[in-house]
Amino acid sequence: MKNEKVLILGACGQIGVELTIALRKAYGNNNVVATDIQAEHHLLKGTGPFYNLNVMDAPAILAMIKKEGITQIYLLAALLSATGEKDPMRAWDINMKSLLQVLDMAVQEKLTRVYWPSSIAVFGPTTPRDNTPQQTIVEPRTVYGISKYAGELWCQYYRQRYGLDVRSLRYPGLISWKGEPGGGTTDYAVDIYYEALQKGHFTCFLSENTYLPMMYMDDAIRGTIELMEAPLEKVKLTMAYNIGAISFSPKEIAASIQKHIPDFKIDYAPDFRQQIADGWPKSIDDSAARADWGWQHNFDLNRMSNEMLMHLKDKLELAV
Ligand code: AKB
Numbered sequence: 000m001k002n003e004k005v006l007i008l009g010a011c012g013q014i015g016v017e018l019t020i021a022l023r024k025a026y027g028n029n030n031v032v033a034t035d036i037q038a039e040h041h042l043l044k045g046t047g048p049f050y051n052l053n054v055m056d057a058p059a060i061l062a063m064i065k066k067e068g069i070t071q072i073y074l075l076a077a078l079l080s081a082t083g084e085k086d087p088m089r090a091w092d093i094n095m096k097s098l099l100q101v102l103d104m105a106v107q108e109k110l111t112r113v114y115w116p117s118s119i120a121v122f123g124p125t126t127p128r129d130n131t132p133q134q135t136i137v138e139p140r141t142v143y144g145i146s147k148y149a150g151e152l153w154c155q156y157y158r159q160r161y162g163l164d165v166r167s168l169r170y171p172g173l174i175s176w177k178g179e180p181g182g183g184t185t186d187y188a189v190d191i192y193y194e195a196l197q198k199g200h201f202t203c204f205l206s207e208n209t210y211l212p213m214m215y216m217d218d219a220i221r222g223t224i225e226l227m228e229a230p231l232e233k234v235k236l237t238m239a240y241n242i243g244a245i246s247f248s249p250k251e252i253a254a255s256i257q258k259h260i261p262d263f264k265i266d267y268a269p270d271f272r273q274q275i276a277d278g279w280p281k282s283i284d285d286s287a288a289r290a291d292w293g294w295q296h297n298f299d300l301n302r303m304s305n306e307m308l309m310h311l312k313d314k315l316e317l318a319v
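The sequence shown maps to residues 0 to 319 in numbering that gives the first Met the number 0.
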């Protein structure tokens, strides 16, 4: 996209690191301003402008929009499902206030587009769990899920009332080796690769047959940029799109790792995150995303395991 200047809020999180790098490749380093409350992630160093910025600090964000001539915002900062349950009011405050401030500023400053991630956490135990439809019963039971569903409704409201072009995806669990995940229920599917390489053993906080929808980060980043670059008439839904890729259980991801590390062992000690996972879909119907703007995934479980183990081996400097 020409003549766009992008602001990323939450650039050092699991999605933020890879999305910032991909957007810089696409739009030019200086056209993507990365910000986070944390110190700059080592993979972002030297790749473009970075500022410390608190997503709750509306005056500072507004000043940044004006100073940098920002035209688009990606708001990625959030507390995820497991962390959210430990401090529900803080999760609600951070997840909702940051969104409402950005939506307001985007209207006021006439930004061309806003991206805000939603999640499969919008669904709950009363939702059909297999091939969960785009439109179905939505009764989330975590504060994270409640904030994501309320946020989707607010995005829809701003689109319909003010004509703001705000776009969103309901991500499944995301698996990556570059940025580190934090505070999610699906994070076991990242931790397992680290521990397989470092210890040869993993104790999973979900039970062996807990199926959840998952996606390799390369697919998620490409899908996000494709949604953001799609002509508005193709983005027919005013709520976030379901996007799916793979669905597997802890037992199945362990088996795909054992193809590379035959001695790898897994055992199970389910904790409070089991209940969260039990209320989420097992697989996702993403036919609307596929039909409207051409979504497709490239990575299955085995291809993802190959990539994860190969890159993490280098990252951890191990010779397995
Ligand atoms: C989480 O587990 O909380 C997140 C999500 C599914 O949105 N990864």
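Beta carbons are placed, not taken as given, at the ideal position from N, Cα and C, and that holds for glycine.
Point to revise | Segment limits, alpha helix (DSSP H) that includes residue 200 | key: Taking the sequence shown and counting its residues from 1, one reaches residue 200 at position 201. Under the DSSP assignment, residue 200 falls outside any alpha helix (DSSP H), being part of the beta strand (DSSP E) whose first and last residues are 200 to 203.
Review point. Should the stretch 63 to 75 be regarded as contacting the stretch 205 to 219, the criterion being three or more beta carbon pairs within less than 8 Å?
Key: Of all C-beta pairs linking the stretch 63 to 75 to the stretch 205 to 219, fewer than three are shorter than 8 Å, placing the two stretches out of contact.
Practice item. Determine the DSSP secondary structure at residue 89, reduced to helix, strand or coil. Key: As a working mapping, residue 89 is identified with position 90 in the sequence shown. Looking at residue 89 - three-state DSSP - the assignment turns out to be helix.
Review point. Going by beta carbon distance, what residues of the same chain come within less than 8 Å of residue 271, once the five residues before and after it are set aside?
Key: For the purposes of this step, residue 271 is taken as the residue at position 272 of the sequence shown. Cβ within range, chain order: 81 and 84.
Check your understanding: What span of residues does the beta strand (DSSP E) with residue 212 cover, start to end?
Key -> One-based indexing of the sequence shown puts residue 212 at position 213. Secondary structure note for residue 212: its beta strand (DSSP E) is the uninterrupted segment 211 to 215.
Review point. Can residue 90 be considered in contact with the ligand AKB, in the sense that its beta carbon sits closer than 7 Å to one or more heavy atoms?
Key: Within the sequence shown, numbered from 1, the residue matching residue 90 stands at position 91. With a cut-off of 7 Å, the C-beta of residue 90 is classified as distant from the ligand AKB, since no heavy atom of the ligand falls inside that distance.
Exercise for review: Report the option in 284, 264, 64 and 10 whose CA atom is closest to the CA atom of residue 243.
Suggested key: Residue numbering aside, residue 243 sits at position 244 when the sequence shown is read from its first letter. Residue 243 has its Cα closest to that of 284, out of 284, 264, 64 and 10.
Review point. Can you find a heavy atom of the ligand AKB that lies under 7 Å from the Cβ of residue 120?
Key: The sequence position of residue 120 within the sequence shown is 121, counting from 1. Here the distance from the Cβ of residue 120 to the nearest heavy atom of the ligand AKB is below 7 Å.
Check your understanding: For residue 107, which option in 213, 240 and 57 has the closest C-alpha, if you only look at C-alpha atoms?
Key -> The sequence position of residue 107 within the sequence shown is 108, counting from 1. The shortest CA-to-CA distance from residue 107 to any of 213, 240 and 57 is the one to 57.
Review point. Looking only at C-alpha atoms, which of 224, 217 and 181 sits nearest to residue 113?
Key: Counting from one through the sequence shown, the residue named residue 113 turns up at place 114. Checked all of 224, 217 and 181; the closest Cα to residue 113 is 224.
Review point. Beta carbon of residue 99: closer than 7 Å to some heavy atom of the ligand AKB?
Key: Your numbering for residue 99 matches position 100 in the sequence shown. Not so, every heavy atom of the ligand AKB lies at least 7 Å from the Cβ.
Review point. Where are the beta strand (DSSP E) runs, 3 residues long or more, that stay fully inside the stretch 133 to 210, in chain order?
Key: Runs found: 168 to 170, 172 to 174 and 200 to 203.
**Study point:** residue 264 (DSSP reduced to helix, strand or coil)
**Key:** By one-based count along the sequence shown, residue 264 stands at place 265. Note: residue 264 maps to strand in three-state DSSP.
Review point. Using DSSP with H/G/I as helix, E/B as strand and the rest coil, what is residue 82?
Key: Residue numbering aside, residue 82 sits at position 83 when the sequence shown is read from its first letter. DSSP, reduced to helix, strand and coil, places residue 82 within a helical segment of the structure shown.
Point to revise | Residue closest to residue 89, alpha-carbon to alpha-carbon, out of 105, 55 and 111 | key: Numbered from 1 along the sequence shown, position 90 holds the residue referred to as residue 89. The closest CA to that of residue 89, considering only 105, 55 and 111, is found on 55.
Check your understanding: Are the beta-carbon atoms belonging to residue 241 and residue 290 less than 8 Å from one another?
Key -> For the purposes of this step, residue 241 is identified with residue 242 of the sequence shown, where counting begins at 1. For the purposes of this step, residue 290 is identified with residue 291 of the sequence shown, where counting begins at 1. Between residue 241 and residue 290, the C-beta spacing is not below 8 Å.
Check your understanding: Measuring CB to CB, does residue 116 end up less than 8 Å from residue 14?
Key -> Here residue 116 is taken as the residue at index 117 of the sequence shown, counted from 1. Here residue 14 is taken as the residue at index 15 of the sequence shown, counted from 1. Yes, these two residues count as a Cβ contact at 8 Å.
Check your understanding: Of all the options 188, 6, 211 and 40, which has the alpha carbon lying nearest to the alpha carbon of residue 60?
Key -> Sequence index remark: in the sequence shown, residue 60 carries index 61 (1-based). Cα-wise, what sits closest to residue 60 is 6.
Check your understanding: With which residues is residue 246 paired in a DSSP beta bridge?
Key -> Your numbering for residue 246 matches position 247 in the sequence shown. Per DSSP, 212.
Point to revise | Own chain residues within Cβ distance below 7 Å of residue 128, not counting five before or after | key: Counted from its first residue, the sequence shown places residue 128 at position 129. 280 and 281.
Exercise for review: Could you give the DSSP three-state label for residue 36: helix, strand or coil?
Suggested key: Looking up residue 36 in the sequence shown gives position 37. Coil, per DSSP.
Practice item. Identify the continuous beta strand (DSSP E) that holds residue 74 and give its terminal residues. Key: Taking the sequence shown and counting its residues from 1, the one referred to as residue 74 is at position 75. 71 to 74 is the span of the beta strand (DSSP E), which, as asked, contains residue 74.
Practice item. Please report how far the alpha carbon of residue 46 lies from the alpha carbon of residue 124, in whole angstroms. Key: Residue numbering aside, residue 46 sits at position 47 when the sequence shown is read from its first letter. Residue numbering aside, residue 124 sits at position 125 when the sequence shown is read from its first letter. In a straight line, the C-alpha of residue 46 is about 43 Å away from that of residue 124.
Review point. What whole-angstrom Cβ distance do residue 93 and residue 79 have, given they're in contact under 8 Å?
Key: By one-based count along the sequence shown, residue 93 stands at place 94. By one-based count along the sequence shown, residue 79 stands at place 80. With 8 Å as the limit, residue 93 and residue 79 do not qualify as a contact, their Cβ atoms being about 11 Å apart.
Check your understanding: When DSSP labels each residue in this structure, what does residue 360 get in the three-state scheme?
Key -> For residue 360 there is no data in the structure shown, the boundaries of the chain being 0 and 319.
Exercise for review: Using 7 Å as the cut-off, classify the Cβ of residue 215 as near or not near the heavy atoms of the ligand AKB, replying yes or no.
Suggested key: Mapped onto the sequence shown, residue 215 falls at position 216. Checking the 7 Å criterion, the Cβ of residue 215 is out of range of every heavy atom belonging to the ligand AKB.
Check your understanding: Who does residue 16 pair with in a DSSP beta bridge?
Key -> Taking the first residue of the sequence shown as position 1, residue 16 is located at position 17. Note: residue 16 is not bridge-paired with any residue in the DSSP secondary-structure output.
Review point. CB-CB under 8 Å to residue 99, same chain, minus the five flanking residues each way: which ones, in chain order?
Key: Numbered from its first residue, the sequence shown carries residue 99 at position 100. Same-chain partners within the cutoff: 153.
Exercise for review: Pull up the distance between the alpha-carbon of residue 39 and that of residue 32, whole angstroms please.
Suggested key: The residue given as residue 39 occupies position 40 in the sequence shown. The residue given as residue 32 occupies position 33 in the sequence shown. If I take the Cα positions, the gap works out to 12 Å.
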